[in-house]
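S.K.: This is the structure, below, for whatever I ask next.
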Amino acid sequence: MNRRRFLAATLAAGVLPAGTAAAAGRKRFGITLHPYYSYVANIVGDRAEVVPIIPAGFNPHAYEPRPEDIQRIGSLDAIVLNGIGHDDFAGRMIAASSKPKLPVVEANADVPPLPAAGSAARASGKVVNPHSFLSITGSVLQVATIARELGRLDPANAEAYTANARTYSRRLRQLRADALGKLAGAGDTRLRVATIHGAYDYLLREFGLEVSAVVEPAHGIEPSPAQLAETIATMRRLDVQVIFSELNFPSAYVETIRRETGIRLYSFSHISHGDYAAAQFEREMTRNMDTLVQAMLETAP
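Numbering (mature numbering (1 follows the signal peptide of the UniProt record, and there is no 0)), first residue to last: -23 to -1, 1 to 278.
Encoded structure:
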């Protein structure tokens, strides 16, 4: 394979030979989760490399660091983290890498966190909901923080990062405005909502909704039969109208809930699947807001 084809292949994989980015005069910024790839890619444009430290296809909730992923950290100039519970594995990876003092950008530094839902989260004392990226408001705040901090690390491109962040944030706000516009004139669209797990509070609150019940004790942990029966009883008592599940994660107990209660079921994207792409966040959040608008209109009085 000649050098040009080799570089094309490694770029597609998100991994460059040591020194390649430096030779090109561009920083290499690592990310841990799909939404942060979209954020950073839109902020830096072609002025820096965006490097996922874990390959696409791994579930970040169950990911265990691999030697080749830890090695990748050694080629980075900085890393952007969720930092409030969704990518705790990154701290162990950085500590074990050849750059234990790698600069870290805490994307959620300026985001007011919501409390975590689920009995296991409360029992463990982890009271912060880390899914702040599943909202437009939380995302816009994080984009501003990331752009500011990357500009400090790469002052030659700071002005471009700020301008790109503003353009990107305007597009995100427009997505929300478009969704809210579809609800104009729909009358009272308030719902009594349950979710399979506690990831979607940030998104639902943007549309004036509160979560009445959460099925999973913690993300990815199926409820016991007793817990499931208790949750179904709670849904009936609160007259829950809609359940929001997670796309790409079908579970047998979700069908049990629908069968036992007759409550409408809709699915949101967790934005954690597929290839890393600059446009993924906008695409998936558009689908999430379309789903939410559909649920609100179909169950409106």
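Note that the Cβ used here is the ideal one computed from N, Cα and C, for glycine as well.
Measure from the alpha carbon of His247 to the alpha carbon of each residue in Glu237, Asp216, Gly175, then state which is nearest.
M.R.: Gly175
S.K.: Would you list the one or two residues that DSSP bridges to Arg241?
M.R.: Val219
S.K.: On the DSSP letters alone, give me the boundaries of the beta strand (DSSP E) that Ser112 sits inside.
M.R.: Ser112 -> no beta strand (DSSP E), and no H or E assigned at all.
S.K.: Tell me where the beta strand (DSSP E) around Glu83 begins and ends.
M.R.: Taken as a continuous stretch (DSSP letters only), the beta strand (DSSP E) holding Glu83 covers 81 to 83.
S.K.: Work out the CA separation of Glu223 and Ile173 for me, nearest whole Å.
M.R.: 7 Å
S.K.: Roughly how far, in whole angstroms, is the beta-carbon of Pro200 from the beta-carbon of Tyr230, given that I think they are within contact range, below 8 Å?
M.R.: Cβ atoms of Pro200 and Tyr230 come within 8 Å of each other, at about 7 Å.
S.K.: To the nearest angstrom, how far is the alpha carbon of Asp131 from that of Arg24?
M.R.: 10 Å
S.K.: Is Val170 closer than 7 Å to Val188 when the C-beta atoms are compared?
M.R.: yes
S.K.: So what does Gly7 bridge to, in DSSP terms?
M.R.: Val28, Ile56
S.K.: Would Asn141 and Ser109 be called neighbours here (beta carbons separated by less than 7 Å)?
M.R.: Contact: no.
S.K.: In this structure, what does DSSP give as the bridge partners for Ile198?
M.R.: Ala195
S.K.: Which residues share a DSSP beta bridge with Ala171?
M.R.: Ala190, Ile220
S.K.: Give the range of the alpha helix (DSSP H) segment to which Arg143 is assigned.
M.R.: Counted as a single uninterrupted DSSP element, the alpha helix (DSSP H) harbouring Arg143 occupies residues 135 to 158.
S.K.: Measure the alpha-carbon distance for residue 291 versus Pro202 and round it to whole angstroms.
M.R.: Residue 291 cannot be examined here, being either before or after the span of the chain that is shown, -23 to 278.
S.K.: Tell me which same chain residues have a C-beta within less than 7 Å of the C-beta of Val27, skipping the five on either side of it?
M.R.: Phe6, Ile8, Tyr14, Val17, Ala18, Val21
S.K.: Going by the beta-carbon positions, is the gap between Val219 and Arg241 smaller than 7 Å?
M.R.: yes
S.K.: Would you give the residue range spanned by the alpha helix (DSSP H) that Ala73 belongs to?
M.R.: 66 to 73
S.K.: Restricting to Cα atoms, I'd like to know which of His250, Arg167, Lys4 is closest to Asp54.
M.R.: Lys4
S.K.: Any heavy atom of the ligand PLP within a distance shorter than 6 Å of the CB on Pro132?
M.R.: Only the bare structure without any ligand can be found here, which leaves the ligand PLP out of the picture.
S.K.: Please confirm whether Pro90 and Phe66 have their CB atoms less than 7 Å apart.
M.R.: no
S.K.: Taking the straight line between their C-alpha atoms, what separation do you get for Ala(-3) and Gln151?
M.R.: Any reading at Ala(-3) needs caution, since the residue's pLDDT is 49, under 50, leaving its predicted position unreliable; the model's value is listed next. If I take the Cα positions, the gap works out to 34 Å.
S.K.: State the DSSP-derived secondary structure class of Val88, mapped to helix, strand or coil.
M.R.: coil
S.K.: The alpha helix (DSSP H) that contains residue 330, what's its start and end?
M.R.: This structure gives no information on residue 330, because the portion of the chain shown stretches from -23 to 278.
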